[in-house]
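Have a look at the structure below before the remarks.
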Ligand SMILES: Cc1ncc(C[n+]2csc(CCOP(=O)(O)OP(=O)(O)O)c2C)c(N)n1
Ligand code: SF4
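Chains as they are written, first to last, in the numbering used here: chain U, 143 to 537; chain H, 8 to 318.
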């Protein structure tokens with residue numbers, strides 16, 4: 143039976159806070175940073191008003207936020223936090239430790255540019271900096287997805303075969319501060335969906351003392367890391383299953399990617415997060431004119447759903463990959479590298495064109511994306527790509 | 008509360024033998040004393056450093072209590088999280104036992120890189136005991152200077168050269184910082200005075216709020232002292248006034264060791280350690296003077312604080 147929820151108008155950050163409130167974690171440790179601050183602020187209000195039973199730990203830095211989350215999670219608690227940008231960067235050391243210790247911490251990230259110059263607006267440089275930290279990374283297109291992804295994140299993170307931290311991203315200011323209509327779940331439905339968390343180990347089990355975070359030398363470190371790599375690889379079907387179950391409950395089904403008119407498309411744009419909303423409008427418009435264009439949305443970036451991506455792109459002629467992060471010294475962004483090297487072995491594969499766009503909150507408009515599709519057609523004629531292009535920048 | 012040696016001897020070991028700390032290392036002696044003094048079950052967080060690496064080489068562990076290490080600078084933040092989880096479970100009736108929380112860090116992990124996390128944890132009021140086992144340098148990376156290294160001491164990043172003879176700055180007063188920071192119970196202890204140390208640990212663990220104990224921890228490798236000298240060195244530090252034993256309970260100071268005939272000459276302490284050998288040479292007389300003045304100032308401050316807070 144699908145539940146039809148009450149609808150409210152709400153901003154992205156508030157939706158994140160609301161989802162966390164309905165989850166009612168045991169411990170939230172967090173430190174404010176624009177554009178994610180409201181999540182922490184809102185959550186403190188819930189704590190102050192007794193609307194959650196969470197122990198809120200208002201730490202003195204993001205490094206300590208993640209450290210406290212690690213301690214709490216190791217103690218067997220259900221744990222969440224929020225951050226962005228420099229905050230995520232300051233957590234870098236601890237991100238690796240959280241995933242290597244197999245701790246199912248859920249973190250919302252209002253994706254934002256990295257300094258310098260200091261800039262508070264949205265891009266994906268922060269998340270891409272954390273790309274190899276062993277966290278599951280899910281990106282949300284709009285406010286509803288932030289809300290929905292958070293519940294799924296707990297299910298995925300705490301799944302006994304996964305036990306890994308999950309990062310739920312959404313575009314700073316673009317989604318964090320935009321007000322949209324949100325369809326709510328009732329508290330009871332949330333409770334039923336996420337279930338009770340039963341940790342495998344706990345530091346508070348004083349009768350069975352465990353040592354967590356020991357020193358491992360060359361005779362065992364590698365095995366730890368490979369076990370962790372297998373765990374994140376194997377999470378892919380679980381992420382899909384959780385997305386399906388969530389759909390059965392709400393009618394909003396989630397997969398690791400979203401194919402939008404890709405099946406017969408000659409030209410495909412690949413993107414993540416809010417840009418997919420913009421691209422969708424362009425695809426609709428061009429399709430109406432009979433053009434064979436499509437959009438591939440990457441919802442789950444880690445683990446990278448390579449098989450699904452290959453399947454969606456393999457018959458296209460030209461693919462434009464839109465990266466919203468900077469990789470100085472490389473010839474393209476992380477999404478481009480991921481996709482192109484993943485498809486390298488194919489005999490027949492599309493031509494790929496790399497783009498970097500939207501750094502520091504720079505607008506990406508429907509006109510820009512139309513331009514991309516135009517360019518993809520030119521590239522088909524020329525038979526080869528043009529090298530990295532920056533969208534909407536004064537060069 | 009009183010410490011009974013027979014009762015202690017009957018308690019099981021919580022840090023077992025077989026760890027790989029150097030022979031004569033002060034850290035293991037201190038940890039055994041601390042864990043033995045605890046009347047309740049404890050959960051331990053440990054910062055990166057000698058104690059951590061030498062006691063948990065996978066697949067072995069020397070710890071008979073739940074233990075976590077996450078990084079170098081954050082054992083205070085890590086134990087904050089553990090303690091928060093405990094409070095959450097207590098509130099929900101998911102846990103019945105009365106558990107205590109201890110964080111162990113070296114002087115590097117508290118005086119320097121870990122100071123922010125420690126200060127934050129104390130300000131937030133977590134009920135945990137934060138212990139610095141203070142061997143006055145970064146030993147695990149090979150004897151580099153720390154904020155706890157005393158003036159003039161040789162370390163590998165404050166070598167005794169011909170122009171700069173050892174560390175130019177005096178040691179930071181972390182214990183006083185923790186008092187100012189608002190820890191409910193603050194103390195300095197030494198393993199040479201074991202009963203004093205263990206009583207302080209009990210007091211700290213029974214304090215309803217954050218507590219901090221700075222424990223003098225000898226390091227034969229870093230100090231260039233014989234392997235069998237740990238306790239004697241620690242005692243000499245107390246008797247020469249290099250390390251003052253005192254405690255501060257809710258702002259009230261109490262000095263636990265006041266020699267009736269005054270402190271022994273500092274030279275007795277310095278001359279048996281390789282790290283201070285150069286200080287006793289005539290050309291370094293000035294630094295030795297400064298070294299003594301540093302100690303005198305700390306001592307006078309303590310005397311004044313004791314008087315002022317006990318009026
Ligand atoms: C962020 C970071 N910086 C540096 C190090 C390297 N490091 C490991 S232990 C250590 C020194 C530890 O010194 P201390 O806290 O005094 O403990 P001890 O080794 O003396 O027991 C250093 C510098 C590290 N592990 N992490
Ligand atoms: S180097 Fe010093 S502190 Fe480290 S284990 Fe050896 S004696 Fe102990």
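Using N, Cα and C, we set each Cβ at its ideal position, and we do this for glycine too.
None of the values given here were measured: they were computed from a predicted structure.
- Taking a Cβ distance cut-off of 8 angstroms, strictly less, list which residues of the segment 101-125 of chain H are near chain U, in chain order. Taking 8 angstroms as the upper bound on Cβ-Cβ separation, chain U lies near residues 102, 104, 106, 123, 124 of the segment 101-125 of chain H.
- Helix, strand or coil for residue 137/H per DSSP? Within the second chain, residue 137/H is the residue found at index 130, counting from 1. Residue 137/H: strand per DSSP, three-state reduction.
- Using the beta-carbon of each residue, which ones in chain U are nearer than 7 angstroms to residue 63/H? Residue numbering aside, residue 63/H sits at position 56 when the second chain is read from its first letter. Residues of chain U passing the Cβ test: 353, 356, 357.
- Query: Name the DSSP beta bridge partners of residue 53/H, please?
  - Reply: What you label residue 53/H is simply residue 46 of the second chain in a count that begins at 1. Paired residues: 111/H.
- Give the DSSP-derived three-state secondary structure of residue 299/H in the structure shown. Here residue 299/H is taken as the residue at index 292 of the second chain, counted from 1. In this structure, residue 299/H counts as helix in the three-state DSSP scheme.
- Burial state of residue 221/H (16 or more Cβ within 10 Å): Here residue 221/H corresponds to residue number 214 of the second chain, with the count starting at 1. Flag for residue 221/H reads buried.
- Check the C-beta distance from residue 501/U over to residue 255/U and give it rounded, since I have them as a contact under 8 angstroms. Position 359 of the first chain, counted from the first residue, corresponds to residue 501/U. Position 113 of the first chain, counted from the first residue, corresponds to residue 255/U. The pair is a contact, with the Cβ atoms about 6 angstroms apart (cut-off 8 angstroms).
- Query: Counting along the chain, where does the beta strand (DSSP E) carrying residue 325/H start and finish?
  - Reply: With chain H covering only 8 through 318, there is no way to say anything about residue 325/H.
- Message: For residue 142/U and residue 246/U, I'd like the C-alpha separation in whole angstroms.
- Response: In this structure chain U extends from 143 to 537, so residue 142/U is not present and cannot be described.
- What first and last residue would you give for the alpha helix (DSSP H) that runs through residue 256/H? Looking up residue 256/H in the second chain gives position 249. Taken as a continuous stretch (DSSP letters only), residue 256/H belongs to no alpha helix (DSSP H), being part of the beta strand (DSSP E) at 253-256.
- At a Cβ threshold of 8 angstroms, is residue 544/U touching chain H? The requested residue 544/U does not occur in the structure, where chain U is confined to residues 143 to 537.
- Burial state of residue 437/U (16 or more Cβ within 10 Å): Taking the first residue of the first chain as position 1, residue 437/U is located at position 295. Residue 437/U comes out buried.
- By Cβ distance below 6 angstroms, which residues in the same chain neighbour residue 232/H in space, the five residues on each side in sequence not counted? By 1-based counting over the second chain, the position of residue 232/H is 225. So the qualifying residues of the chain are 240, 280.
- Whose Cβ in chain H lies nearer than 9 angstroms to the Cβ of residue 169/U? Counting from 1 along the first chain, the entry for residue 169/U is found at position 27. Below the 9 angstroms Cβ cutoff, chain H contributes 88, 91, 92, 94, 95 as neighbours of residue 169/U, in chain order.
- Query: Which residues share a DSSP beta bridge with residue 222/H?
  - Reply: Reading the second chain from its first residue, position 215 is the one you call residue 222/H. Bridge partners of residue 222/H: 140/H, 196/H.
- Query: residue 58/H: beta carbon under 7 angstroms from a heavy atom of ligand 1?
  - Reply: Position 51 of the second chain, counting from 1, holds the residue named residue 58/H. Yes; taking the cut-off as 7 angstroms, the Cβ of residue 58/H has a heavy atom of ligand 1 nearer than that.
- Query: Which residues in chain U sit within 7 angstroms of residue 75/H, going by Cβ to Cβ distance?
  - Reply: For the purposes of this step, residue 75/H is identified with residue 68 of the second chain, where counting begins at 1. In chain order: 213, 216, 345, 354, 355.
- Could you check the C-alpha separation between residue 12/H and residue 136/H for me, to the nearest Å? In the second chain, counting from the first residue as 1, residue 12/H sits at position 5. In the second chain, counting from the first residue as 1, residue 136/H sits at position 129. Distance between the alpha carbons of residue 12/H and residue 136/H is about 23 angstroms.
- Query: Do residue 211/U and residue 252/U have their C-beta atoms closer together than 8 angstroms?
  - Reply: Indexing the first chain from 1 puts residue 211/U at position 69. Indexing the first chain from 1 puts residue 252/U at position 110. It is not a contact, given that the beta carbons lie outside the stated cut-off.
- Message: Could you give the first and the last residue of the continuous alpha helix (DSSP H) run that contains residue 381/U?
- Response: Within the first chain, numbered from 1, the residue matching residue 381/U stands at position 239. Unbroken alpha helix (DSSP H) run through residue 381/U: 377-392.
- Query: In the structure shown, what three-state DSSP assignment does residue 327/U receive?
  - Reply: In the first chain, counting from the first residue as 1, residue 327/U sits at position 185. Residue 327/U falls in the coil class under three-state DSSP.
- Task: Take residue 145/U as the anchor and find which of 163/U, 510/U, 325/U, 362/U has the nearest alpha-carbon.
- Result: On the first chain, position 3 is the one that residue 145/U refers to. Considering only alpha carbons, the answer is 325/U.
- Message: Classify residue 198/U: buried if its beta carbon has 16 or more other beta carbons within 10 angstroms, exposed otherwise.
- Response: By 1-based counting over the first chain, the position of residue 198/U is 56. It counts as buried.
- Interface flag, residue 50/H vs chain U, CB-CB below 8 angstroms: To locate residue 50/H, count along the second chain from 1; it is residue 43. By this cut-off, residue 50/H is an interface position.
- Item | Three-way DSSP call (helix, strand, coil) for residue 75/H in this model | Translated into the one-based positions of the second chain, residue 75/H becomes position 68. Look at residue 75/H here: in three-state DSSP terms it is strand.
- Neighbourhood of residue 492/U by C-beta distance below 7 angstroms, restricted to the same chain and skipping five residues each side: Taking the first chain and counting its residues from 1, the one referred to as residue 492/U is at position 350. The residues are 455, 458, 459, 460, 461.
- Query: Which one or two residues does DSSP pair with residue 5/H in a beta bridge?
  - Reply: In the structure as shown, chain H starts at 8 and stops at 318, and residue 5/H therefore has no counterpart that could be examined.
- Query: Looking at the unbroken alpha helix (DSSP H) that takes in residue 452/U, where does it start and where does it end?
  - Reply: Against the first chain, residue 452/U aligns to sequence position 310. Unbroken alpha helix (DSSP H) run through residue 452/U: 448-455.
- Message: My parser needs the beta strand (DSSP E) runs of 3 or more residues fully inside the segment 417-501 of chain U; what are they?
- Response: For the segment 417-501 of chain U, whole beta strand (DSSP E) runs of length 3 or above, ordered along the chain, are 435-440, 442-444, 460-465, 493-499.
- Applying a beta-carbon distance threshold of less than 8 angstroms, which residues of chain U neighbour residue 66/H? Translated into positions along the second chain, residue 66/H becomes position 59. Correct list: 362.
- Message: Using the three-state DSSP reduction, which class does residue 19/H fall into: helix, strand or coil?
- Response: Within the second chain, residue 19/H is the residue found at index 12, counting from 1. Looking at residue 19/H - three-state DSSP - the assignment turns out to be coil, as it is neither helix nor strand.
- Query: Sorry if obvious, but does the Cβ on residue 142/H come closer than 7 angstroms to a heavy atom of ligand 4?
  - Reply: Questions concerning ligand 4 fall outside what the structure shown contains, since the ligands it does hold are ligand 1 and ligand 2.
- Item | Assumed close pair residue 185/U, residue 170/U - CB separation to whole angstroms, cut-off 8 angstroms | On the first chain, residue 185/U is found 43 positions in, with the first residue counted as 1. On the first chain, residue 170/U is found 28 positions in, with the first residue counted as 1. Right, the Cβ-Cβ distance comes to about 6 angstroms (below 8 angstroms), so this counts as a contact.
- Task: Measure from the C-beta of residue 152/U to each C-beta in chain H and report whether the shortest distance is under 8 angstroms.
- Result: To locate residue 152/U, count along the first chain from 1; it is residue 10. It does not; no Cβ of chain H falls within 8 angstroms.
- Message: In the DSSP assignment, the beta strand (DSSP E) including residue 279/U goes from what residue to what residue?
- Response: Locating residue 279/U in the first chain gives position 137, counting from the first residue. From DSSP, the beta strand (DSSP E) with residue 279/U extends over 278-282.
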